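In what follows, a structure is listed as structure tokens, so that the remarks can point back to it.
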């Protein structure tokens, strides 16, 4: 059986590969990062998945509307901060990757939030974060012997509309 890749998640990954942080290019995966090896975290990684499922309903206009909650988990190796002074560099690295700002406090386009905002209407009847809130949570997680990760959990909504199949000729 061929490996299925959801086209909505793939489109988000493609947007982030193109317009997101350069250091994450080629480092996106699908699903929840349950097991991460220290050897994988020489550079940050990110994982894209659906968050708590999604809603599908018919509209009065003959469309099928899908409302999907997406979660993006960005992971960096926190152990590089141990005994390195007072600044948690891994936390600041996450802030830069996810929601970096210019000196005038506007969001940088090359951050994850900046890339999502710059691509709210990528076509194919898909809308990212249109009129919705994006949340970011920062956390630290013990993963394995000798591995602690700093993580940014980004949650946002995606909407998709299609004509009902029974109305197409």
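Numbering (our numbering), first residue to last: 1 to 169. Every residue gets a Cβ at the ideal spot worked out from N, C-alpha and C, and that includes glycine. Note that the coordinates shown come from a computational prediction; the quantities given were computed from them, not determined experimentally.
If you check the CB distance, residue 148 and residue 45 do not come in under 8 Å. In this structure residue 162 does not touch residue 117 by the C-beta definition: roughly 24 Å separates them, more than the 8 Å allowed. Within its own chain, the residues whose Cβ lies closer than 6 Å to the Cβ of residue 109, once the five positions on either side in sequence are excluded, are 118, listed in chain order. Put simply, the backbone Cα of residue 18 is about 26 Å away from that of residue 38. Its chain contains 67 as the residues whose beta carbon lies nearer than 6 Å to that of residue 55, once the 5 sequence neighbours on both sides are disregarded; these appear in chain order.
When the beta-carbon positions are compared, residue 65 and residue 159 come within less than 8 Å of each other. The Cβ atoms of residue 98 and residue 152 sit closer than 8 Å to each other.
Classified as exposed, residue 4 has fewer than 16 neighbouring CB atoms from the shown chains inside 10 Å of its CB.
Taking a C-beta distance under 8 Å as the contact criterion, residue 115 and residue 15 qualify as a contact pair.
Between the alpha carbons of residue 112 and residue 139 lies a gap of roughly 17 Å. Excluding the 5 residues flanking it on each side, residue 71 has same chain C-beta neighbours closer than 6 Å at 49, 51 and 155, in chain order.
Exclusion of the five residues before and after residue 135 leaves 155 as the residues of its chain whose Cβ lies within less than 7 Å of its Cβ.
Looking only at 32, 141 and 53, the smallest Cα-Cα distance to residue 91 is reached by 141.
Excluding residues up to 5 positions away in sequence, 75, 76, 77, 147 and 149 lie with their Cβ nearer than 8 Å to the Cβ of residue 41 in the same chain. The alpha-carbon of residue 120 is positioned some 21 Å away from that of residue 30. By alpha-carbon distance to residue 7, the top candidate from 143, 132, 123 and 164 is 123. The criterion of a C-beta distance shorter than 8 Å is not satisfied by residue 36 and residue 164.
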